[in-house]
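All remarks here apply to the structure that follows.
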Amino acid sequence: MNMEAQSVWKVKKIREGDYGCEERQPGEKVKVLVTVENEQGEVYTFLEEDDWLYENQIEEGSIWPEEIRQRICTI
Numbered sequence: 001m002n003m004e005a006q007s008v009w010k011v012k013k014i015r016e017g018d019y020g021c022e023e024r025q026p027g028e029k030v031k032v033l034v035t036v037e038n039e040q041g042e043v044y045t046f047l048e049e050d051d052w053l054y055e056n057q058i059e060e061g062s063i064w065p066e067e068i069r070q071r072i073c074t075i
């Protein structure tokens, strides 16, 4: 995934993760699907731990913080 460092990414949607036929494993953290969009209209959707979003006060409409933007690139 190639994202420009100058781009501002806004959280457009947060949805429950789809675990399909497989259920979450015991002890596995709840993950949600996060969709972000930048001002050029590029859109990315990725899984992120729900607790992590809560701890970082990230919700729909939030700007994806600069200091943690690397998380998007490594997923």
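Under full-length UniProt numbering, the letters of the sequence shown match residues 1 to 75, in that order.
Every residue gets a Cβ at the ideal spot worked out from N, C-alpha and C, and that includes glycine.
Note that the structure is predicted; figures quoted are calculated from it, not measured.
In the structure shown, Glu55 adopts helical secondary structure according to DSSP, grouped into three states. For Arg15, the enclosing beta strand (DSSP E) starts and ends at 9-16. Excluding residues up to 5 positions away in sequence, Gly17, Leu47, Glu48, Glu49, Asp50 lie with their Cβ nearer than 8 Å to the Cβ of Lys31 in the same chain. In this chain, the beta strand (DSSP E) harbouring Glu37 covers 31-38. Asn38 is the residue among Arg24, Asn38, Leu33 whose C-alpha sits nearest the C-alpha of Trp9. Nearest C-alpha to Thr45 among Trp64, Gly27, Gln25: Trp64.
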